[in-house]
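S.K.:
Numbering (this note's numbering), first residue to last: 292 to 549.
1) Going by alpha carbons, who is nearest to residue 331 out of 497, 436, 537, 513?
2) Which term fits residue 467, buried or exposed, when burial requires 16 or more other beta carbons within 10 angstroms of its beta carbon?
3) Shorter than 8 Å from the beta carbon of residue 325 to some beta carbon of chain D?
4) Determine the direct distance from the alpha carbon of residue 527 to that of residue 271, and round the result to whole angstroms.
5) Report all residues from its chain with a CB closer than 8 Å to the CB of residue 294; omit the five preceding and five following residues, and keep chain order.
6) What does DSSP give as the partner residue(s) for residue 461 in the beta ladder?
7) How many angstroms separate the CA atom of residue 339 from the CA atom of residue 367?
8) Considering Cα atoms alone, identify which of 329, 333, 520 is closest to residue 434.
9) Pick from 384, 540, 499: whose alpha carbon is nearest that of residue 412?
10) If you compare alpha carbons, which of 409, 403, 371, 430 is closest to residue 386?
11) Less than 8 Å separating the beta-carbons of residue 342 and residue 364?
12) Can you name the start and end residues of the alpha helix (DSSP H) that residue 445 belongs to?
13) Note down, in chain order, each residue of its chain lying with its Cβ closer than 6 Å to the Cβ of residue 405, except the 5 sequence neighbours on either side.
14) Output the distance between the C-alpha atoms of residue 475 and residue 483, rounded to the nearest integer angstrom.
15) For the alpha helix (DSSP H) containing residue 342, list its first residue and its last residue.
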């Protein structure tokens, strides 16, 4: 069952008009560090592998991956992150899982991760609505990664949104005649290169040692080395329970995962 999102999302203030959103799933994902990954609907084998590994490396560090549910790069990004740690923004109504080939994946994200739409239920996707979807995908994160894109593609519209919003943009290295869109923004100095997937992901912290930690907001929060006061304000006695269990340390008022 879908609901209207009542919670205010600060990241969406970057939009000209704050949208009403419908959702299914785990809205706590909106509070996590988020990275948006978009790209070609027909990625090369190289792009497919890099996209999957990148999403997986980010997810292992508690970063939530945001994308648009389309075939190609979007699908791979969602799958690499794992359905429990990904946000899918639809270009259709919240009750229409489009494209049909991704119906199973989108349904799994709705049940385990988070599904968002700014469109009324029963709304069928259009070319215009995909553009509006892309804007939400970009706005939700501080970083946009475009793993492959042609010059005149929807992903390049996402790049335009990211530039207007002041987001950091990253791309993968490609051959001269491949992914001309990302090569162009790189040449203009509008994007930065990801040379090593794990090195890039490491800026978000160490890998969470236990797979179950990835789905636990407490451990993801502690990975960011918060102050004891902030942690107690949010998680109360669980902080001290985790310390007694030897899962975290508290030194000079700061928390670290063990």
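No residue lacks a Cβ here, since even glycine has one placed at the ideal position from N, Cα and C.
M.R.: In this structure, then:
1) Along the chain shown, one-based indexing puts residue 331 at 40. Nearest option by C-alpha distance: 436.
2) Here residue 467 refers to the residue found at position 176 of the chain shown. Classification for residue 467: exposed.
3) Although the question refers to chain D, the structure presented lacks it and comprises just one protein chain.
4) The chain is shown from 292 up to 549; residue 271 falls before or after that span and cannot be answered.
5) Taking the chain shown and counting its residues from 1, one reaches residue 294 at position 3. Within the same chain, residue 294 has close Cβ partners 313, 314, 315.
6) The sequence position of residue 461 within the chain shown is 170, counting from 1. The partner list for residue 461 (beta bridge, DSSP) reads 436, 483.
7) By one-based count along the chain shown, residue 339 stands at place 48. By one-based count along the chain shown, residue 367 stands at place 76. Near 7 Å, if we compare the C-alpha coordinates of residue 367 and residue 339.
8) In the chain shown, the residue the question calls residue 434 occupies position 143. Looking at the Cα atoms, 329 is the closest of the given residues.
9) Counting from one through the chain shown, the residue named residue 412 turns up at place 121. If we check each option's Cα against that of residue 412, 384 comes out closest.
10) Within the chain shown, numbered from 1, the residue matching residue 386 stands at position 95. It is 409.
11) As a position in the chain shown, residue 342 is number 51, starting the count at 1. As a position in the chain shown, residue 364 is number 73, starting the count at 1. Result yes, Cβ atoms of residue 342 and residue 364 sit closer than 8 Å.
12) On the chain shown, position 154 is the one that residue 445 refers to. Looking at the DSSP string, the run of the alpha helix (DSSP H) that includes residue 445 is 445-456.
13) One-based indexing of the chain shown puts residue 405 at position 114. Result list for residue 405: 316, 317, 320, 378, in chain order.
14) Counting from one through the chain shown, the residue named residue 475 turns up at place 184. Counting from one through the chain shown, the residue named residue 483 turns up at place 192. Residue 475 and residue 483: Cα-Cα distance of roughly 12 Å.
15) Position 51 of the chain shown, counted from the start, is the residue given in the question as residue 342. Residues 336-350.
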